[in-house]
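Residues in the sequence shown are numbered consecutively from 1, following full-length UniProt numbering. What follows is a single structure, written as structure tokens, with notes after it.
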Amino acid sequence: MVDDQKSSGRAENLVRPIETRYAHSGDVRIAYQVVGQGSFDLVFVPGFISNLDLHWEDEGYTRLLKRLSAFSRLILFDKRGTGLSDRVDAHHLPSLETRMDDVRAVMDAAGSGRAALLGASEGAPMAMLFAATYPERTRALALYGGYAHFHKWVMSPERLDAFIETAETSWGTGATLPNFAPGRVDDAHFTQWWARFERLSASPTAAAALARMNAEIDVRGVLAAISAPTLLIHRRNDVRVDPDASRYLAKKIPNAKLVEVPGRDHPIWTGDVDRVVDIIEEFLTGERAVTEVDRVLAALLVTRIYDTARMGDRMWSERSQRFQEIWRQQVGRHGGRLAGTQGEMMMSRFDGPARAIRCAVALREAAQGIGVASAQGAHVGEIELRGPPVGLTARVTMQLASHAGRGDILASRLIADLATGSGLHFADAGRITLDDLDEPLALVQAMTEQHLEPDCRARTRTTEPAVLTARESEVVSLIADGKSNAAIAAELRLSEHTVKRHVANILLKLDLPSRAAAAAFSVRHTGPDGP
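See below:
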């Protein structure tokens, strides 16, 4: 959630490896690192591509490695053909057995006689084959997003051909990201990192060769021979590997335990990393250790601004810088703390939701005052006490800000529930489906007087009933006709967001609880010649 200038903040307190070493596996050198000093060894077998050095530059990956190395002696390596390890001959692809032997070579080089194996994605078949071949060296087996047969649960031959074509023509641009983490496509920082991840993990030719290599994976015949305690973790809506793959493994591996978690993005270091590691830690150690970083409940606010008048680069830069100055001032004035920026997205955190919403209102007015547009998202959840907010709460808040329209303060229903009695007003804004959540998230829009458009603000109350504007009268009449917001928007040539705002204004002005009550009001106050 922070920009490149603050990358040191993302890496704060991370346990970094001392050095990268190389193990000999036949004629090939396999790069590996050892992190942590836990009571048992844990070998992390990575997926499609990897790069030992680049892993430490992504906040999700560093979080994963930090958590794993907190309770184990973590052994990391790049599979042959990827990252810092030797490349493979695209015309003479090694078998899965040869690649599995790389695990043994790395363990030997790291002085590990017996270890637990964590196999992620394409690393899972390698880990399964190792466990079946070397049971005396396998303490336990944890498989994330794994599968036994590539074409059955990952890609059909036709989809594989399309993926290889993309790799051969667009590798290094981040073009494969939708195949792995569609929920991060709109995250500019992560997209840039992913493009580097492609380039530094494999060449286009090597990537195509690795894809063809993985297409040969079929370890269904060895599953019954696995005797190590086995944990299976799979995201319910995994975009790359069908969740049925792990359900099949749960049936075929003796005494295997399957845990399904929410999410669509496939990589183990995306989504709710802490939840995944908690499950792994409990499986391997028998308990979930209390992490050294406390977690607290906080309200997060993400504010974004954008150019509305096609102003030149210089003018836009000046106004953007001016708004960021105002943002810093207003966050402090409302008792919040700055939590970092990413492009034009600015995150702040508050001890309570009412403070976050009042700050959002002030920022909305400030944006209008300097001639730019704002859109904001707010959510409440657990975050780490130290460092920039990462994890589920931060991702949900970022997505709310991305979905918010011009001038909107879009918040989760929890914000409104916790702000009861604050004097703030909220209007229902429907539900949204997010990759990391099991159920659609209920939304509200903050509808304080300051938040409304100038010509829609409630007038000072008198003994006279509130008067609707001409546009609001049109809207309430169409509500009485039973039309939805989408239908009203189409008929009046407005955006659906604008219609939602008008409906909220109407309910506030008339002090009505619902659309049905507004429809009844319209019928009561409309005579034969119109309102």
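Glycine included, each C-beta is placed from N, C-alpha and C at the ideal position.
- Query: For Lys-79, does the three-state DSSP call read helix, strand or coil?
  - Reply: coil
- Task: Mind checking which residues open and close the alpha helix (DSSP H) that includes Ala-480?
- Result: 470-480
- How far does the beta strand (DSSP E) with Ile-409 in it reach, from first residue to last? 409-412
- Task: Tell me whether Met-155 sits in a helix, a strand or coil according to DSSP, three-state version.
- Result: coil
- Task: Could you tell me the distance, in whole angstroms, from the CA atom of Leu-434 to the CA atom of Ala-225?
- Result: 39 Å
- Do Ile-432 and Leu-443 have their C-beta atoms closer together than 8 Å? yes
- Task: Using the DSSP secondary-structure output, state which residues sit across from Met-347 in a beta bridge.
- Result: Val-302
- Helix, strand or coil for Ala-339, going by three-state DSSP, please let me know. strand
- Message: I want to know whether the stretch 228-246 touches the stretch 153-171 - three or more CB-CB distances under 8 Å.
- Response: yes
- Message: Can you tell me whether Glu-384 is helix, strand or coil according to DSSP?
- Response: strand
- Quick one: Cα of Lys-251 to Cα of Leu-42, how far? 25 Å
- Could you have a look at Phe-426 and say whether DSSP puts it in helix, strand or coil? strand
- Local conformation of His-379 per DSSP, three classes: strand
- If you count every other CB in all the chains shown that lies within 10 Å of the CB of Asp-238, and 16 or more means buried, which is it? buried
- Where the beta strand (DSSP E) through His-24 begins and ends: 21-25
- Message: Using the three-state DSSP reduction, which class does Asp-274 fall into: helix, strand or coil?
- Response: helix
- Task: Check whether the Cβ atoms of Ala-490 and Ile-357 lie closer than 8 Å to each other.
- Result: no
- Message: Once DSSP output is grouped into helix, strand and coil, what is the label at Tyr-248?
- Response: helix
- Assuming Ala-401 contacts Gln-368 under a Cβ cut-off of 8 Å, what Cβ separation, rounded to an integer in Å, is found between them? Going by Cβ atoms, the distance from Ala-401 to Gln-368 rounds to 17 Å, so no, they are not a contact pair.
- Query: Per DSSP, Leu-441 forms a beta bridge with which residues?
  - Reply: Ile-432
- Message: Restricting to Cα atoms, I'd like to know which of Glu-325, His-149, Thr-393, Ala-480 is closest to Arg-247.
- Response: His-149
- Message: Less than 7 Å between C-beta atoms, sequence neighbours within five positions excluded: which residues of the same chain meet that for Glu-496?
- Response: Asn-485, Ala-486, Ala-489
- Between the CA atoms of Gln-342 and Asp-186 - distance to the nearest angstrom: 12 Å
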